Amino acid sequence: MLRQFVRTLISQLSLMRGDSDGLARRRFELHQDQLQKEFLTIAASAGIPRGLRWVACDWPSETDVPCFVREATSGLLTLLVPVNVRFEAIEDGDMEGVEAVGSVRGGTAVFHYQNGRWGSGGRVIFNLAPADVVARMADTFATIDQPG
Numbered sequence: 032m033l034r035q036f037v038r039t040l041i042s043q044l045s046l047m048r049g050d051s052d053g054l055a056r057r058r059f060e061l062h063q064d065q066l067q068k069e070f071l072t073i074a075a076s077a078g079i080p081r082g083l084r085w086v087a088c089d090w091p092s093e094t095d096v097p098c099f100v101r102e103a104t105s106g107l108l109t110l111l112v113p114v115n116v117r118f119e120a121i122e123d124g125d126m127e128g129v130e131a132v133g134s135v136r137g138g139t140a141v142f143h144y145q146n147g148r149w150g151s152g153g154r155v156i157f158n159l160a161p162a163d164v165v166a167r168m169a170d171t172f173a174t175i176d177q178p179g
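Each number in my numbering corresponds to the 1-based position in the sequence shown with 31 added.
1. For G152, does the count of other Cβ atoms within 10 angstroms reach 16, so buried, or fall short, so exposed?
2. Going by DSSP, name the residue or residues bridged to W85.
3. Could you tell me how far apart the beta carbons of R154 and V164 are, in whole angstroms, since I believe they sit closer than 8 Å?
4. Under 8 Å, with one C-beta from each stretch per pair, do the stretch 76-86 and the stretch 117-126 reach the 3-pair mark?
5. Relative to the C-alpha of I175, which candidate in I79, L111, G147 and T139 has its C-alpha closest?
6. Starting from V164 and walking both ways along the alpha helix (DSSP H), at which residues does that stretch end?
7. Could you pull out every residue in the same chain whose Cβ sits closer than 8 Å to the Cβ of V181, ignoring the five residues on either side in sequence?
8. Which stretch, first to last residue, makes up the beta strand (DSSP E) that contains I156?
9. Please state whether DSSP places T139 in a helix, a strand or coil.
10. For M168, which residues of its own chain have a beta-carbon under 7 Å away from its beta-carbon, when the five flanking residues on both sides are left out?
11. Give me the DSSP bridge partner(s) of Q145.
12. By the three-class DSSP mapping on this structure, what secondary structure does S51 have?
13. For P113, list the residues DSSP reports as bridge partners.
14. Rounded to whole angstroms, what's the CA-CA distance from C183 to T72? Just pull it up for me.
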């Protein structure tokens, strides 16, 4: 009971003072495995792309570079992470028999940091790496200093 109260208090204080970008990055690293699982569950349940079932979502290797940005309208710290997604056609669906279904699709997964926590709505921006997303959507995402 006391532990939950302390966590809630710390969370509220974080909101009042604003967590540093560095703290947010560390929190993502700490919870990355769980966030990736949640992302796949949410994305797979969305029914997009139509006629396809999500089979797997492969996450970046050490050479792939995610981008920390701020969403222009909300100011939310946002992490753009490179992903490779594999699909299969839903039986008797529009995509059954389409050869390209088995191809791995590259894209960028979107995570937001709000109220001291990372989360995702399962959004993938397909066919663009994180740096390309930033370049093409400069009105949506503002770059911030990357850790060096």
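Positions of the beta carbon are idealized from the N, C-alpha and C atoms, including for glycine.
Given the structure is predicted, the values throughout are model-derived calculations rather than measurements.
So, from the data block:
1. Mapped onto the sequence shown, residue 152 falls at position 121. Under this definition G152 is an exposed residue.
2. Position 54 of the sequence shown holds residue 85. DSSP lists F118 as partners of W85.
3. The residue labelled residue 154 in the question sits at position 123 within the sequence shown. The residue labelled residue 164 in the question sits at position 133 within the sequence shown. About 11 Å; that fails the 8 Å criterion.
4. yes
5. For the purposes of this step, residue 175 is identified with residue 144 of the sequence shown, where counting begins at 1. Per the Cα distances, L111.
6. Translated into positions along the sequence shown, residue 164 becomes position 133. Counting along the chain, the alpha helix (DSSP H) containing V164 begins and ends at P161 to R167.
7. With the chain covering only 32 through 179, there is no way to say anything about residue 181.
8. Along the sequence shown, one-based indexing puts residue 156 at 125. Run containing I156: V155 to F157, per the beta strand (DSSP E) assignment.
9. For the purposes of this step, residue 139 is taken as residue 108 along the sequence shown, with counting starting at 1. Looking at T139 - three-state DSSP - the assignment turns out to be strand.
10. Within the sequence shown, residue 168 is the residue found at index 137, counting from 1. Hits under 7 Å: none found.
11. For the purposes of this step, residue 145 is identified with residue 114 of the sequence shown, where counting begins at 1. DSSP, once it has assigned bridges, lists R148 as partnering Q145.
12. Reading the sequence shown from its first residue, position 20 is the one you call residue 51. It is coil, neither helix nor strand.
13. Residue 113 sits at position 82 when you count from the first residue of the sequence shown. Its beta-bridge partners are T139.
14. Since the first residue shown for the chain is 32 and the last is 179, residue 183 is missing from the structure and cannot be characterised.
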